[in-house]
Amino acid sequence: MSAVAVHSLWTMAADPIEKIDAPKIEYGQLSPTLIVIGAAIIGVLVEAFVPRKSRYYAQVFLSVVALAAAFAAVIGLAAGGYGTTKAKIAAMGAIAVDGPALFLQGTILLAGLLAVFTFAERRLDPVAHGNRVDSFAAQAASVPGSDSEKAAVKAGFTTTEAYPLLLFAVGGMLIFPSANDLLTLFIALEVFSLPLYLLCAVARRKRIMSQEAAVKYFLLGAFASAFTLFGIALLYGYAGSVSYATIAQVVDGSIENVNPALADTMGNDALLLIGAAMVVMGLLFKVGAVPFHMWTPDVYQGAPTPVTGFMAAATKVAAFGALLRLLYVVLPGLRWDWRPVMWAVAIVTMLGGAIVAITQTDIKRLLAYSSIAHAGFILAGVIATTADGVSSVLFYLAAYSFVTIGAFAVVTLVRDAGGEATHLSKWAGLGRRSPLVAAVFAVFLLAFAGIPLTSGFAGKFAVFKAAAEGGAGALVVVGVISSAIAAFFYIRVIVLMFFSEPKPEGPTVAVPSPLTMTAIGVGVAVTLVLGVAPQYFLELAGQAGVFVR
Amino acid sequence: MENLIALLVAAPLLGAAVLLCGGRRLDAVGHWIGTVLAAVSFVIGVVLFADMLGKGAEEREMAQHLFSWVPVESFQADIAFQLDQLSMTFVLLITGVGSLIHVYSIGYMEHDERRRRFFGYLNLFLAAMLLLVLADNYLLLYVGWEGVGLASYLLIGFWQHKPSAATAAKKAFLVNRVGDMGLSIAIMLMFAWFGTFAFGPVLEATGETSEGKLTAIGLMLLLAACGKSAQVPLQSWLGDAMEGPTPVSALIHAATMVTAGVYLIVRSADIFNAAPDAQLVVTVVGAVTLLFGAIVGCAKDDIKKALAGSTMSQIGYMILAAGLGPIGYVFAIMHLVTHGFFKAGLFLGAGSVMHGMNDEVDMRRYGGLRKYMPITFVTFGLGYLAIIGFPGLSGFFSKDKIIEAAFAKGGTEGWILGSVALLGAAITAYYMTRVMLMTFFGEERWRHAPTPSPAEPSAEPAAETRGEYEVPHPHESPKSMTIPMIVLAFGSVFAGGFFSIGDRFMHWLEPVTGHDHGHAPVSAMTVTLATMVVLVIGAGIAYVQYGRRPVPALAPRGSLLTRAARRDLLQDDFNHVVLVRGGEHLTRSLVYVDHSLVDGVVNGTAASMGGLSGRLRKLQNGYARSYAVSMFGGAAVLIAVTLLMRAV
Amino acid sequence: MNPVNYLYLAALLFTIGATGVLIRRNAIVVFMCVELMLNACNLALVAFSRMHGNLDGQIIAFFTMVVAAAEVVVGLAIIVSLFRTRHSASVDDASLMKL
Amino acid sequence: MSFPLLTATAALPALGAIATAAVPAARRTAAKWLALLVSLATLVLALVVLVRFDPGGDRYQLTESHAWIADFGVRYELGVDGIGVALIALTALLIPFVILAGWHDADPQETGSTRWRPTQGFFALILAVEAMVILSFEATDVFLFYIFFEAMLIPMYFLIGGFGDRAHAGTDENAAAQRSYAAVKFLLYNLVGGLIMLAAVIGLYVVAGNFSLQEIAEARANGTLDMATNTERWLFLGFFFAFAVKAPLWPLHTWLPNAMGEATAPVAVLITAVVDKVGTFAMLRFCLQLFPEASKWATPVILVLALISIVYGALLAVGQRDIKRLVAYASISHFGFIIMGIFAMTSQGQSGATLYMVNHGISTAALMLVAGFLISRRGSRLIADYGGVQKVAPVLAGTFLIGGLATLSLPGLAPFVSEFLVLVGTFTRYPVIGIIATFGIVLAALYTLVLYQRTMTGPVKPEVSAMPDLRVRELVVVAPLIALLIFLGVFPKPVTEIVNPAVEHTMSDVQKQDPKPEVEAAK
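Protein chains in written order, with the numbering used here: chain A, 3 to 551; chain B, 1304 to 1951; chain C, 31 to 129; chain D, 1298 to 1820.
What follows is the structure in structure tokens.
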């Protein structure tokens, strides 16, 4: 680097500046995110200043209001046409406000809302020392089984921090799919990952497993985000900017930006390709695609079930949103490079998830693997690289997230002395004991399996159709085969619930409060509505299928 | 008049319906209902017959179209009847003999608590048989064809508690089904080639198609005939069919049903006339069967089985005659009718004997019965004379004509067939004389207890099943049984003469079957004489063997031929080894295949999936670092592939 | 000096960090290795920033530091609680959930 | 717009199912009666459809069409042709008998938890199946059809797995195990078939852009929509596979014996007489209409498979030791005939096949239900456990025999007409296959008569000596079926009249004429 250049830098900085024009922020269009983040901060303050007894109520109220308000805001924006005609890039190019963003934000917010309901459930666990308890540790910091923990339980402590954490996570997830430059992407990623790491660690029962899950999730997550960051660095190095638009232009050559020094040594595109691959890898980690899926089963199993439900639903939505934007906005010019890779990933994800699930014995792990398989199906839609592909993925995500939250909510109901009875053998004969719960769970399983008249079928059909039209017929065939394999283990659970004799020392089904009931009820309702009359939502997703550039 | 035709079938059908659905409350009157309806049908037949005689030879044919049965495009099957002289002959025979046997059964089945159902089945049979001979197309004929098969199945197995009876019934039905295959294939061929299977059009169409095709159809029809008429190679069921009550044997397995094959061939005359090869096969089958049946008849000690053998061989005569073409058709039918009389008579006689002898069937336990049951003896004797062709009686005319016709076929085959027929006549004389002597003459072997006869595994006399032996008291049967026997005896005496004088029968049938005299190499006289001679020889030998010497109560081991003949010339053994055993092995192995291979493949895939899953699971070993490794590797591969994609 | 060299260095550091994550048992150390990877990214970012002559990269680097700090907070909290429960910070001990 | 008759016909049992399921646990009998009445009402509606349908009229009548999922190009389109009408009538006709025959099958052995209501569930599921089957006969939109084709698996699955035959060999545990094995096998086979079909359905959409049977068929006919030969073949195979599993066609048949063996007799009837018909029906309606060329291309192979089914099924029936499995294999053989008739591509063959679907439904119902009554008395499915029943229960034996005779398609009973039509229809185009197929009629006689002989005749076994004869309820079930068998055997015209026009349409879809008889050809 020559002295001149250095000097120029100095002078650049030294030049006198008349005025600094303040960045222009469209608060209105960012309102959903701002509301949630703001509420989260208030939640922290609540933790600090509100007396312990009333914290729970304050937090629940706050979260529900915040999420509902945010959702209202999203609806407002959508109604205001920001999803379609007035779609624009806001916050100095950092955030995109467009169809996909709003649709996914809406989905995430609803999922978050239901998640709050399941978080707030306090009727399942037996009352400890006269205090109703939820599924979070009395005091996460205290060592499991230690006196301090007993004391905490006795004192009726509860981890109400869970709610602000949830809100922060939601906030990050809201930004993630709408992030319009790599920096925002990365920050959003961290903002919703870190709270999740913590949430995983604060289960009331089986705390050791919970902590283990947290550690695994955290280490692997950090590892992955390091990759992402390095990818971002390389992309920046390639394009000289982190804004999606700019990078896209550089990629398709409308902006000439070749650094001779790099070009002659490693070929300029190497940066692009490697960088893109690493960023994509980070996102694939979040959606739990093979071979970046291995955290999923352990974390899903270890985390408190409400958290698992939330993660499984919302994280997927957010991550797929980001992935879509990245692939459709930043890297369309690179399609012919990433498509084959994604093909491979989609195939191994579908098959891997389905096959390994066959031999699972823990319901939560089973659902984890099923979520992996579903990630594969969604990837098939992503690969279509058509507007239809986008909208089909959006629809699938919406359908899937409600089924997931509902399913995990049901899992929280089936309990025995040791808390939730997640081992499959304990579910034997559930259909005899409490037909209703079993039937509801069967509905969710059938939706997972993609049986007609459930949302799962509509979604699956949508993505497969898009894939086929996008020229990925082979993917459809693989998808169909893996669905067949997957069907096997969903059916296994149904058989277990209905056709096998209940065990005498089997688990009991706790009667939940209206909160969980709402969560499950909404889940069932959405599952059936989207299965029988999906047209409206398909249109919605169809209108929302266009990214703003 | 035409509209009466349907009633012919309807009357007994109604009877069957009423009796079978009626339930116990009809037990008391059931047999009367059945008999009356059979008689009604006979009366209608007679009326129609009278009406028919009133017309000129050419416009005697009547038809009645009820409704369209299966209309699909060009495939048009109707429920329609056709009554010409041929059908008429059968109608009279069936309803006449049928009614008589109904009457006979009233007495014979008196002590059976399921008599009502028995009459129901008999009526069902009459209906089906009439449908068979009245149908105006092959498909409808097929219905009657299988209908009589069903009736025979039900009646053979009437005493279902006897496993032997049930088995015999099943066997009869199955063997017949094989024949039915022939019939259905024949119909398919007709439809494929002529576009129709109604008698008229088909027989017209014969002119326009190749001989080969007609031969094919002819052979298929012959297969059907073999099944129904117990001709070699499908004859094996008839012997066992004797498990049924004797009236059944008389009506179905002697007089009427078993002759359906002859009817079928004569009805399809035009097809056969145009297909000499087929005809030749028919004659050969007939010739073989008439010898086969005769030989079997000689060896049986079970009176009914002996008669069954004789039936077989007599039908052999008819088939042979039918195979001769226009020379023989008339005589085939004529013999069919006369045989209807005397064979029915013989069976009823046999039944009467059994009735008096506690259902004993082994002739070696009979003897000297003539003084105990005189009427039976006389009627049976007349029938006997008739069947062996004693001059002047029915059999003499009909059988003689067939032998002549066989010679008249001309050429070497004419000679062969003729001499076979002659030989048959001799053997007939032999075994019938044997039956006669063993039953009504000689010492009274039934006075002392029998000892189970090892040499007769196939026949199982009822005596053995009934535990300790009480000496039977032979007695004459009641009127209801003897009268039909007498009537039939008249028939067997005079029918032949009545038909033949002035060739009445020939002129009656000619419009349907046509007739020519062929060119007999030998005069009718010589044939008659020859017949007389062989007849005397046959009867003589029998007399020497069974009249002079005392008959051993236990069957002697006998010559190889005898033993073979006792076992129906090993036909069943062949079937058992080849078909039954083979079939069992086949099915057993197929069951295995289905379970292990077809199913195994699927279960195998499922299992292997499970295995694969189990192995992949191991990768999830719980160590965060190995997860990191897979991520790292994944990323590396991702990058590498991306770069490669660009490189290539 | 050719900016590529900075990139090489960054890549090297990144790889070292990744390798550390893969081979080291102690959760703290593993975590440190992740930090190392992040810093490798920072180096790359700053280098590119200089190369392109705009400040985006440097800004990102600052953000990264903040994020890293946040990760430390969360990470240490989790790891320490795990350590207090198990009296060992070995990642391999935390393998209850498997298969 | 006119009254949506077809929708009503399907909606009635659907609502009935919900209502039945809602009946409180204690009021078991009420649930039964409710189900029975609903099914009878449905029968009435079906008869109205039958009357309103004009054989001479348009191809599809009583049509309804509403927008449904525009994004998938899916409309809610119903319409019936003669074949559909016939099968709807069959379905609506059989369900009441099924319900009546299964009157006591779902009475809970132990009245434990009041929340568990097997009886209500049982009858509700039957009605649900009826609704879905009827809809799949009515749907003229491929996607709509597919939905119900798949969805009906679920209630069937619970019927098989949840309400097994009380008469089983061995302990309750392994009986339960076998039962759920059968249920899972049933579901997986059909689900796999369905999913492969799903791929084809999507492919069809990609090619055709919508799912309307009529539009696609027209477009194919007037050439506006031409598929590449290979595309058409793949799509055809996708569809056909699903239908062949359902039908079932050798070698995809093995689920049927398990399912029919383990299920209660009425449910077994539901499977083979009603649900499986959807498979053969769909071959006729979808395979031939949508992919005529591919159908013709695949015909030889399919015919051979059908032929194998006929002979193989019959032989295995001979080899069975379990009454219900025997009937199942017999059905496989019969389905072979049906499929053969469909793909013989002659009007006789296809009319025969359709007629066969109806007749086989009735005859199998008769035989299977009587067998069920028999089994429920002795508590065993093994043929060897019976003997001489005819002596103690003559009526039962008689009806059983008639059912058997219908199964071996004795002339004069309904199945004969259809079987012969199929044989003729096949023979005129494929003589050899036709001839080999006729061996089936001998084998049919074999397994039926052997079954009858072993169970009904011979000396009375002590275990059966006290066996009561058919009760009134059971007679009410069997008698009409038998009457129908005889009536349709003598006078099948009502059915053929409805069916023939539809068949002509199909024939023109595949552009095939019946081969002319030689004599005429010569002229």
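All residues carry an ideal CB built from backbone N, CA and C; glycine is no exception. Treat the numbers as computed from the prediction; the structure is a model and nothing was measured.
> Who are the near neighbours of residue 498(A) in its chain, counting only those whose CB is closer than 7 Å to its CB and skipping five residues on each side?
Replying inline: Along the first sequence, read from residue 1 onward, the residue named residue 498(A) stands at position 496. Correct list, in chain order: 426, 429 and 430.
> Between which two residues does the alpha helix (DSSP H) containing residue 90(A) stretch?
Replying inline: Position 88 of the first sequence holds residue 90(A). From DSSP, residue 90(A) is part of no alpha helix (DSSP H) but of the beta strand (DSSP E) over 90-92.
>> For a quick check, are the C-beta atoms of residue 1791(B) and residue 1403(B) less than 8 Å apart?
In response: In the second sequence, the residue the question calls residue 1791(B) occupies position 488. In the second sequence, the residue the question calls residue 1403(B) occupies position 100. In this structure, residue 1403(B) lies closer than 8 Å to residue 1791(B) by Cβ.
> In terms of residue numbering, what span does the beta strand (DSSP E) encompassing residue 1787(B) cover?
Replying inline: Reading the second sequence from its first residue, position 484 is the one you call residue 1787(B). Counted as a single uninterrupted DSSP element, the stretch harbouring residue 1787(B) is not any beta strand (DSSP E) but the alpha helix (DSSP H) occupying residues 1782-1803.
>> Distance check for residue 543(A) and residue 322(A), CA to CA, integer angstroms please.
In response: Within the first sequence, residue 322(A) is the residue found at index 320, counting from 1. Within the first sequence, residue 543(A) is the residue found at index 541, counting from 1. Rounded to whole angstroms, residue 322(A) to residue 543(A) spans 14 Å at the Cα level.
> From this set, 1764(D), 1676(D), 1405(D) and 1652(D), which residue's C-alpha is nearest residue 1716(D)'s C-alpha?
Replying inline: Stepping through the fourth sequence from its first residue, residue 1716(D) is reached at position 419. Residue 1652(D) is the option with its Cα nearest to residue 1716(D).
> Any beta-carbon of chain C closer than 8 Å to the one on residue 347(A)?
Replying inline: Looking up residue 347(A) in the first sequence gives position 345. False, the Cβ-Cβ gap to chain C never drops below 8 Å.
>> Under 8 Å, Cβ to Cβ, is there at least one residue of chain C near residue 1932(B)?
In response: What you label residue 1932(B) is simply residue 629 of the second sequence in a count that begins at 1. Taking Cβ atoms only, chain C reaches closer than 8 Å to residue 1932(B), which makes this a yes.
> Can you find at least 3 beta carbon pairs, one from the stretch 1485-1499 of chain B and one from the stretch 1725-1740 of chain D, that sit closer than 8 Å?
Replying inline: In the pairwise beta carbon analysis, the stretch 1485-1499 of chain B is classified as touching the stretch 1725-1740 of chain D: at least three pairs are separated by under 8 Å.
> Does DSSP classify residue 230(A) as helix, strand or coil?
Replying inline: Here residue 230(A) corresponds to residue number 228 of the first sequence, with the count starting at 1. The answer is helix: DSSP assigns residue 230(A) an H, G or I state.
> Of all the CB atoms in chain B, is at least one closer than 8 Å to the CB of residue 125(C)?
Replying inline: As a working note, residue 125(C) is residue 95 in the third sequence. Yes, residue 125(C) counts as interfacial toward chain B.
> In whole angstroms, what separates the C-alpha of residue 1805(D) from that of residue 1798(D)?
Replying inline: Within the fourth sequence, the letter at position 508 stands for residue 1805(D). Within the fourth sequence, the letter at position 501 stands for residue 1798(D). Their backbone Cα atoms lie some 11 Å apart in a straight line.
>> Looking only at its chain, what residues have a beta carbon closer than 6 Å to the beta carbon of residue 1596(D), apart from the 5 residues adjacent to it on each side?
In response: Within the fourth sequence, residue 1596(D) is the residue found at index 299, counting from 1. These residues qualify, in order along the chain: 1640.
> Would you call residue 467(A) buried or exposed, if buried means 16 or more other Cβ atoms sit within 10 Å of its Cβ?
Replying inline: Translated into positions along the first sequence, residue 467(A) becomes position 465. Buried is the call here.
> Rounded to the nearest angstrom, how far is the Cβ of residue 4(C) from that of residue 1928(B), given a contact under 8 Å?
Replying inline: Nothing about residue 4(C) can be reported from this structure: the residues present for chain C run from 31 to 129 only.
> Interface residues of chain C around residue 1943(B) at Cβ under 8 Å?
Replying inline: Mapped onto the second sequence, residue 1943(B) falls at position 640. Ordered by position in chain C, no residue passes the 8 Å Cβ test against residue 1943(B), which lies about 15 Å from the chain.
>> Please classify residue 352(A) as buried or exposed, where buried requires at least 16 neighbouring CB atoms within 10 angstroms.
In response: Translated into positions along the first sequence, residue 352(A) becomes position 350. It is buried - the Cβ of residue 352(A) has at least 16 other Cβ atoms within 10 Å.
> Should the stretch 55-64 of chain C be called in touch with the stretch 214-226 of chain A, which here means at least 3 C-beta pairs below 8 Å?
Replying inline: Put simply, the stretch 55-64 of chain C touches the stretch 214-226 of chain A. At least three CB pairs are less than 8 Å apart.
> Per DSSP, residue 1483(D) is paired with what?
Replying inline: Translated into the one-based positions of the fourth sequence, residue 1483(D) becomes position 186. Residue pairing by DSSP places residue 1483(D) opposite no residue, since no beta bridge is assigned to it.
> Going along the chain, which residues of the stretch 1916-1927 of chain B sit with their C-beta nearer than 8 Å to a C-beta in chain C?
Replying inline: So the close ones are 1920, 1921, 1923, 1924, 1925, 1926 and 1927.
>> Among the candidates 22(A), 163(A) and 121(A), whose CA atom is the shortest distance from the CA of residue 46(A)?
In response: By 1-based counting over the first sequence, the position of residue 46(A) is 44. It is 163(A).
>> Just to confirm the assignment: which complete alpha helix (DSSP H) runs, minimum length 4, are found wholly within the stretch 1747-1801 of chain D?
In response: You should have 1769-1787.
>> I'd like to confirm the pairing. Which residues does DSSP put opposite residue 1385(B) in its beta bridges?
In response: Counting from one through the second sequence, the residue named residue 1385(B) turns up at place 82. Per DSSP, 1366(B).
>> In whole angstroms, give me the CA-to-CA distance for residue 1952(B) and residue 1627(B).
In response: Since the first and last residues shown for chain B are 1304 and 1951, residue 1952(B) lies out of range.
> Applying the criterion that 16 or more other CB atoms from any shown protein chain within 10 Å of the CB defines a buried residue, is residue 234(A) buried or exposed?
Replying inline: Here residue 234(A) is taken as the residue at index 232 of the first sequence, counted from 1. Around the beta carbon of residue 234(A), a 10 Å sphere encloses 16 or more other beta carbons of the protein chains shown; the residue is thus reported as buried.
> Closest by CA to residue 1538(D), which one among 1488(D), 1357(D) and 1333(D)?
Replying inline: For the purposes of this step, residue 1538(D) is taken as residue 241 along the fourth sequence, with counting starting at 1. When only C-alpha atoms are compared, the closest one is 1488(D).
> Nearest-angstrom Cα distance between residue 513(A) and residue 1331(D)?
Replying inline: As a position in the first sequence, residue 513(A) is number 511, starting the count at 1. As a position in the fourth sequence, residue 1331(D) is number 34, starting the count at 1. About 32 Å.
> With distances taken from CA atoms, which of 298(A), 124(A), 175(A) and 309(A) is nearest residue 200(A)?
Replying inline: Numbered from its first residue, the first sequence carries residue 200(A) at position 198. The shortest CA-to-CA distance from residue 200(A) to any of 298(A), 124(A), 175(A) and 309(A) is the one to 309(A).
> Using a C-beta cutoff of 8 Å, does residue 233(A) count as contacting chain D?
Replying inline: Here residue 233(A) refers to the residue found at position 231 of the first sequence. No, residue 233(A) does not count as interfacial toward chain D.
>> Considering just the uninterrupted stretch of the alpha helix (DSSP H) at residue 1539(D), what are its terminal residues?
In response: Counting from 1 along the fourth sequence, the entry for residue 1539(D) is found at position 242. Counting along the chain, residue 1539(D) sits inside the alpha helix (DSSP H) bounded by residues 1526-1543.
> For the alpha helix (DSSP H) that residue 1376(D) lies in, which residues bound it at each end?
Replying inline: On the fourth sequence, residue 1376(D) is found 79 positions in, with the first residue counted as 1. Unbroken run through residue 1376(D) is the beta strand (DSSP E), 1371-1377; no alpha helix (DSSP H).
> Ends of the beta strand (DSSP E) at residue 125(C)?
Replying inline: Start at 1 with the first residue of the third sequence, and residue 125(C) comes out as number 95. No beta strand (DSSP E) contains residue 125(C), which DSSP labels as neither H nor E.
>> Using only the alpha-carbon positions, how far apart do residue 1775(D) and residue 1696(D) sit?
In response: Taking the fourth sequence and counting its residues from 1, the one referred to as residue 1775(D) is at position 478. Taking the fourth sequence and counting its residues from 1, the one referred to as residue 1696(D) is at position 399. Near 7 Å, if we compare the C-alpha coordinates of residue 1696(D) and residue 1775(D).
>> Tell me which residues of the stretch 293-306 of chain A have at least one Cβ-Cβ distance to chain C shorter than 8 Å, keeping chain order.
In response: Residues 299, 300, 303 and 304.
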